[in-house]
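Residue numbers (the working numbering): 7 to 173.
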């Protein structure tokens, strides 16, 4: 196995661990969230993490067999924004704005961190790879993490200002 393949497999193992962490967290958060809108959002995010886990695992399997990066037909053309971070004001600014006085808010804050960590990994890998199939997969995952982050942030803002989940 080449050094490049080893680096790719290492990044994919990190990605798989992040997706597993997210999946377990979202499943547990869905069970614990009393509001049906919040529980439904967490279940939806868990379903997305399952798909992401499958996508990453297929690449691990393909690279592990020496077949290179697999073309994943379920991923359409994606042109993710790899330059704009999820926390434009920086992670510290968000942490200072946090009022962890409710378990739903705590769950969202933890989820935001998971999404940010995943986004950072996928964006860096998308920028670093030259393989078009790898780039496409990492851009797909980057774009998905940004969507998750935006949904979570919308609900965080709604819970802290309107005291309810977004419809």
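Even glycine gets a Cβ: it sits at the ideal position worked out from N, Cα and C.
Problem set entry | Cβ neighbour criterion (16 or more within 10 Å) applied to residue 152 | For the purposes of this step, residue 152 is taken as the residue at position 146 of the chain shown. Residue 152 comes out buried.
Exercise. Run through DSSP, which three-state label would residue 169 get?
Worked result: As a working mapping, residue 169 is identified with position 163 in the chain shown. The answer is coil: DSSP assigns residue 169 none of H, G, I, E or B.
Exercise. Taking C-alpha atoms, which residue in 173, 128, 56 and 12 lies nearest to residue 69?
Worked result: Locating residue 69 in the chain shown gives position 63, where the first residue counts as 1. Checked all of 173, 128, 56 and 12; the closest Cα to residue 69 is 12.
Exercise. Can you tell me whether DSSP reads residue 58 as helix, strand or coil?
Worked result: Mapped onto the chain shown, residue 58 falls at position 52. DSSP places residue 58 in helix when its eight states are reduced to three.
Problem set entry | Given residue 40 as reference, the closest of 28, 25, 113 and 74 once Cα atoms are compared | Mapped onto the chain shown, residue 40 falls at position 34. The shortest C-alpha separation from residue 40 is found at 113.
Exercise. Per DSSP, what kind of secondary structure is residue 35 in: helix, strand or coil?
Worked result: What you label residue 35 is simply residue 29 of the chain shown in a count that begins at 1. Note: residue 35 maps to helix in three-state DSSP.
Problem set entry | Burial state of residue 121 (16 or more Cβ within 10 Å) | Within the chain shown, numbered from 1, the residue matching residue 121 stands at position 115. So residue 121 counts as buried.
For this session: Buried or exposed for residue 85, please, with buried defined as at least 16 other CB atoms from any protein chain shown within 10 angstroms of its CB.
Result: Position 79 of the chain shown, counted from the first residue, corresponds to residue 85. Exposed, by the Cβ-count rule.
Problem set entry | residue 111, DSSP secondary structure in three states | As a first step, residue 111 must be located in the chain shown, where it is residue number 105. Looking at residue 111 - three-state DSSP - the assignment turns out to be helix.
Problem set entry | Proximity winner among 145, 21 and 162, relative to residue 111 (alpha-carbon distances) | Here residue 111 corresponds to residue number 105 of the chain shown, with the count starting at 1. For the residues 145, 21 and 162, the minimum Cα distance to residue 111 belongs to 162.
For this session: Mind reading off the beta-carbon distance from residue 92 to residue 155? Whole number of angstroms is fine, and I expect it under 8 Å.
Result: Residue numbering aside, residue 92 sits at position 86 when the chain shown is read from its first letter. Residue numbering aside, residue 155 sits at position 149 when the chain shown is read from its first letter. Contact flag correct, Cβ pair sits at about 5 Å.
Problem set entry | Residues near residue 45 by beta carbon distance below 6 Å, same chain, minus five either side | Taking the chain shown and counting its residues from 1, one reaches residue 45 at position 39. Excluding positions up to five away in sequence, the list reads 36 and 39.
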